[in-house]
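Undergrad: Can you read through this structure? Questions will come right after.
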Amino acid sequence: MSHETVHEHVEMTNTGIDNRKLGFWLFLSSETVFFACLLVGYLVYHGQNGQGPSPKDVFELPLTSLSTFVLLMSSLAMVLGVFSAQQGQAKAARGWVLATALMGLTFLGFQAYEFTTFYHEGLTLSSSLFGTTFFVLTGFHGAHVAVGVLWLLSLLFHGRKGGLGQDKAGDVEVAGLYWHFVDIVWIVLFTVIYLLEAAI
Amino acid sequence: MAIAKTLGFIPRPTAQTGFVSWLTTVDHKRIGILYGMTAFIFFLMGGFEAFMIRLQLMKPGLSVVTADTFNALFTMHATTMIFLAIMPMLAAFMNFLLPLHIGARDVAFPRLNAFSYWSYLGGGLFINTSWVMQLIEPAGRAIPDSGWFGYANLTSVNFSGGMGPDFWTIGLLLLGIGTLVSGFNFIVTILNMRAPGMTLMKMPIFSWTTLVTSVLVIFSFPAITVALLMLMFDRTFEANFFNVAAGGSVVFWQHLFWTFGHPEVYILILPAMGIVSEILPTFSRKPLFGYSVMVFSTALIGFMGFTVWSHHMFAVGMGPVVNTIFGLTTMAIAIPTGVKIFNWLSTMWGGRVKITTAMLFALGFIMCFTIGGLSGFMHALPPSDAQQTDTYFIVAHIHYVLIGGSIFAIFGGIYYWFPKIFGRLMDEKLGKWNFWMMFAGFNLFAFPFHFLGLMGMPRRIYTYAPGYGFEFWNLVSTIGVWVLTLGILLFIMNFVQTMRKPIGTARDPWDARTLEWTTASPPPVHNYDVIPQVAVRDEFWYQKYPDPEHGVVANTKKAAGYGAHPEHGIHMPGQSFMPALVAAGITVLGYGLLFTSIVPAAIGVVGILAGVFGWAFEGDGGTVLEAAGGDD
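Residue numbers (the numbering used here), protein chains in the order written: chain V, 518 to 717; chain X, 209 to 840.
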């Protein structure tokens with residue numbers, strides 16, 4: 518994303534919204550349809566477990582709840598990061614962004630552990646439609662988290678001298694939009710895939 | 209115009225001419241020209257494929273090509289025409305015109321705009337390298353041959369073991385990235401970068417169709433992206449999405465595909481309607497009739513485009529309730545579409561109509577698109593569709609809306625904006641020959657499809673037996689393609705002749721209405737020396753022809769301002785290698801997925817990362833154009 522937009526267009530735009538931010542909201546709205554289609558795939562094939570394990574056989578709700586909690590807390594850290602950057606507390610912003618990235622990494626670690634465990638219990642991409650839809654849907658979410666972590670680490674590089682101050686608040690905010698979106702997607706996925714499974 | 213200085217800590221390329229200047233350009237006008245030229249070459253390739261199809265079908269029992277090659281030809285013909293020719297030709301107009309139309313200096317994200325083009329080029333070359341693969345390894349079945357809609361499970365490894373569907377899947381994924389990015393870019397440009405006074409309802413109608421089309425793009429392309437990813441996982445990593453043995457549903461593919469596929473056909477026609485809606489008022493010397501209704505009809509068609517996808521699947525067996533609902537929603541679209549047709553006619557009514565080549569193409573559009581709309585209305589009715597599905601009647605419909613519709617509008621647009629884009633007027637006499645040959649050839653070629661379809665000739669058959677009554681109309685249709693081809697050759701001749709003339713068209717050769725005609729032909733890199741101030745719709749027209757009765761008076765000071773030189777330097781965004789680098793990386797990664805080979809995949813990922821970080825950290829760059837020079 519170009520940096521020049523932040524400085525030049527922010528007062529000039531017709532809507533008063535920074536170009537980059539508006540563009541990013543549009544990107545996120547498009548991503549919503551992307552995840553919705555994947556989720557529809559998971560739902561239309563629900564119950565097609567073939568010879569492999571069923572969701573109830575493999576899911577461990579306490580563990581996934583813990584990783585979900587970590588991811589949700591990372592959103593809080595992200596909010597504080599954006600706020601600190603806007604307030605000009607450059608060092609604090611850097612700290613919060615680092616914390617967000619670390620919690621994102623923790624979530625990815627949980628996911629790697631979960632994927633490996635499921636694999637050993639006989640659930641693979643080819644074992645059944647449940648395996649196919651589960652791994653592709655949550656895998657794409659995990660890939661989004663990974664991109665987010667990479668982005669946050671790049672922000673830290675961006676602020677390696679002098680932290681993430683007001684001049685970089687726009688950059689932090691857009692990264693934050695992405696991060697919150699990925700979190701919200703997980704809230705939906707966790708509810709539909711794990712919680713509803715436990716409820717029925 | 210003088211380049212004063214280069215800003216930024218990592219210097220950006222500043223070449224003004226030559227290969228590097230085009231590789232690194234971020235100028236929306238140059239990107240538009242790149243889109244147009246590339247898309248026209250793909251258009252000729254798709255046309256050649258059609259030519260071969262018609263040669264094979266000229267007479268019963270011919271074997272000009274084999275059945276397998278025929279399958280590859282019709283698949284690549286449709287894929288090429290839709291994704292590599294018509295969409296990007298329309299994108300060429302959007303790129304060139306949108307900032308000019310709304311009085312901006314460029315799009316919101318110039319580098320992303322360049323990236324869209326380069327990833328389009330990468331994806332287009334990617335799909336077409338399947339022909340090369342086929343030559344290298346004839347047994348490999350590398351050319352996509354499962355139809356442009358890639359219905360499951362025809363595309364499964366069991367039934368298409370070759371690389372054809374892989375080329376198709378990954379190629380379309382690559383193309384989708386650039387299209388989506390253009391969608392975001394154009395929406396932000398329209399919402400945020402209009403000139404002072406240019407409210408949304410004062411925009412040229414083409415900007416409105418660009419806006420609605422972009423909204424369709426960003427909400428429909430994710431659906432095909434998901435469908436293609438699922439197919440890729442099925443084929444490459446043995447997933448089960450469309451594996452019937454594991455319980456997968458082939459109808460699920462159809463739903464996902466047409467959730468994208470129907471908005472896609474409006475992506476192909478709405479900008480074409482926009483072009484026609486610009487040409488008609490200019491050559492009727494009247495404002496567009498019912499501008500607001502046209503805007504709302506466009507938006508309504510866009511919205512309703514998402515509610516009708518299952519009418520492509522009436523023969524699947526979804527049941528009478530679903531069929532009825534989708535039949536009704538489909539017929540409802542005829543209302544805003546019909547409104548548009550009557551508005552075009554009313555625009556001409558009572559006007560001083562001047563028949564130029566552009567106007568002829570616009571008139572041809574109205575006629576042929578109406579025919580295509582009427583046949584579309586017929587297969588909106590499920591019982592009627594049951595007779596027409598998979599016959600040449602459907603082929604007639606899509607060719608009437610895509611050639612008679614989109615292509616005619618595109619050619620009209622080329623004749624209309626050629627003086628603005630290249631600074632030269634195309635030859636009108638040759639142009640009229642060009643139109644009449646294309647018009648006659650097209651109707652001769654596609655109208656018989658209606659008869660063939662109603663007689664029961666199925667689509668996608670590579671030959672047919674004598675004695676069914678198909679002979680005569682097939683022969684007529686093939687002769688029609690020859691005439692159409694001559695028409696297109698005349699266009700190429702006209703283009704080459706015109707480009708050999710010196711640049712020197714007036715700013716406003718047609719006495720037109722929109723802002724792009726106020727600047728030089730071709731426009732300077734910064735479009736407008738002074739950003740225009742807009743008070744009314746068709747501002748430029750009322751500056752030339754004040755209309756005090758309607759409260760529109762000339763503002764001579766403002767009119768004089770159009771040609772004036774800026775007081776301060778104009779900051780233009782810097783050129784960049786990064787968009788092309790990222791696009792190249794993505795394309796190489798595509799080859800890695802195609803061959804499931806780690807080396808090209810790794811090279812691709814490294815290219816993408818280098819490009820993205822270079823992009824983020826290459827600094828502001830840019831040049832400042834000083835006021836001193838003169839561009840006219």
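The C-beta atom is built at its ideal place from N, Cα and C for all residues, glycine as well.
Since the model is a prediction, treat every value here as computed from it, not as a measurement.
Within 7 Å (strictly less), CB to CB, does residue 567(V) reach chain X?
TA: yes
Undergrad: Alpha carbon to alpha carbon, how far is residue 269(X) from residue 322(X)? Give it in angstroms, no decimals.
TA: 48 Å
Undergrad: To the nearest angstrom, how far is it from the Cα of residue 589(V) to the Cα of residue 388(X)?
TA: 29 Å
Undergrad: Assuming residue 169(X) and residue 541(X) make a contact with CB atoms under 8 Å, what is their CB distance in whole Å?
TA: With chain X covering only 209 through 840, there is no way to say anything about residue 169(X).
Undergrad: At the 7 Å Cβ level, is residue 402(X) part of the contact set with chain V, yes or no?
TA: yes
Undergrad: Does the segment 778-789 of chain X touch the segment 221-236 of chain X, meaning 3 or more C-beta pairs lie closer than 8 Å?
TA: yes
Undergrad: To the nearest angstrom, report how far apart residue 623(X) and residue 565(X) are at their CA atoms.
TA: Whole-angstrom Cα-Cα distance: 7 Å.
Undergrad: Which class does residue 645(X) belong to by DSSP, given the choice of helix, strand or coil?
TA: helix
Undergrad: Measure the C-alpha to C-alpha separation of residue 628(V) and residue 424(X) and round it to an integer number of angstroms.
TA: 34 Å
Undergrad: Against chain X, with Cβ distances strictly below 7 Å, would residue 654(V) count as a contact?
TA: Not closer than 7 Å to any Cβ of chain X, the Cβ of residue 654(V) fails to qualify, so no.
Undergrad: Need the endpoints of the alpha helix (DSSP H) that residue 470(X) sits in, please.
TA: Counting along the chain, the alpha helix (DSSP H) containing residue 470(X) begins and ends at 458-492.
Undergrad: Which residues, taken in chain order from the segment 547-562 of chain V, show a beta carbon closer than 9 Å to some beta carbon of chain X?
TA: 547, 548, 549, 550, 551, 552, 553, 554, 555, 557, 558, 561, 562
Undergrad: Is the beta carbon of residue 647(X) sitting closer than 7 Å to the one on residue 681(X)?
TA: no
Undergrad: Consult DSSP for residue 780(X) and reduce its assignment to one of helix, strand or coil.
TA: When secondary structure is reduced to three states using DSSP, residue 780(X) falls in the strand class.
Undergrad: Output, in chain order, the set of chain V residues within a Cβ distance shorter than 9 Å of residue 457(X).
TA: 561, 562
Undergrad: Output the residue ranges of the alpha helix (DSSP H) runs that lie fully inside the segment 657-744 of chain X and measure 4 residues or longer, sorted by chain position.
TA: 679-707
Undergrad: Tell me the residue span of the beta strand (DSSP E) that contains residue 246(X).
TA: Segment 236-264 is the alpha helix (DSSP H) holding residue 246(X); no beta strand (DSSP E) there.
Undergrad: So if I threshold CB-CB distances at 8 Å, which residues from the segment 626-646 of chain V count as touching chain X?
TA: Close to chain X, meaning a Cβ-Cβ distance shorter than 8 Å, are the following residues of the segment 626-646 of chain V: 642, 643, 645, 646.
Undergrad: Pull the bridge partners of residue 599(X) from the DSSP assignment, please.
TA: Answer by DSSP bridge pairing, in chain order: 666(X).
Undergrad: Identify the contact partners of residue 464(X) in chain V, using a Cβ-Cβ distance below 7 Å as the criterion.
TA: 554
Undergrad: Would you say residue 454(X) lies against chain V (beta-carbon separation less than 7 Å)?
TA: yes
Undergrad: To the nearest angstrom, how far is the alpha carbon of residue 400(X) from that of residue 663(X)?
TA: Roughly 53 Å between the two C-alpha positions.
Undergrad: One question on the structure: do residue 666(X) and residue 599(X) come within less than 7 Å of each other, judged by their Cβ atoms?
TA: In this structure, residue 666(X) sits near residue 599(X), with a CB-CB distance shorter than 7 Å.
Undergrad: Assuming residue 335(X) and residue 476(X) are in contact, meaning their beta carbons sit under 8 Å apart, how far apart are those beta carbons, in whole angstroms?
TA: Not confirmed; about 18 Å, so no contact.
Undergrad: Suppose the cutoff is 6 Å on Cβ atoms and the five residues either side in sequence are ignored; what does the same chain contact list for residue 384(X) look like?
TA: 429, 433
Undergrad: Relative to the alpha-carbon of residue 456(X), which residue among 241(X), 442(X), 312(X), 288(X) has its alpha-carbon at the smallest distance?
TA: 442(X)
Undergrad: Express the C-alpha separation of residue 542(V) and residue 613(V) in angstroms, rounding to a whole number.
TA: 23 Å
Undergrad: Say whether chain V places a C-beta atom closer than 7 Å to the C-beta of residue 361(X).
TA: The C-beta of residue 361(X) comes no closer than 7 Å to any C-beta of chain V.
Undergrad: For residue 568(V) and residue 427(X), what's the separation of their Cα atoms in angstroms?
TA: Whole-angstrom Cα-Cα distance: 37 Å.
Undergrad: Just tell me which of 677(X), 697(X), 831(X), 637(X) has its CA closest to the CA of residue 733(X).
TA: 831(X)
Undergrad: Quick one: list the residues of chain X neighbouring residue 544(V), beta-carbon separation under 7 Å, in chain order.
TA: Close to residue 544(V), with beta-carbon spacing below 7 Å, are these residues of chain X in chain order: 392.
Undergrad: Give the secondary structure of residue 746(X) by DSSP, where H, G and I count as helix, E and B as strand, and everything else as coil.
TA: coil
Undergrad: Would you call the segment 524-534 of chain X and the segment 482-490 of chain X in contact, with 3 or more CB pairs under 8 Å?
TA: At 8 Å Cβ cutoff, the stretches do not touch.
Undergrad: When the Cα atoms are used, what is the spatial distance from residue 674(X) to residue 271(X)?
TA: 14 Å
Undergrad: I want to verify the contact list: residues of chain V whose CB lies under 9 Å from the CB of residue 460(X), in sequence order.
TA: 557, 558, 561, 562
Undergrad: When burial is assigned at 16 or more other CB atoms within 10 Å of the CB, is residue 841(X) buried or exposed?
TA: The question about residue 841(X) has no answer, for chain X in this structure spans 209 to 840.
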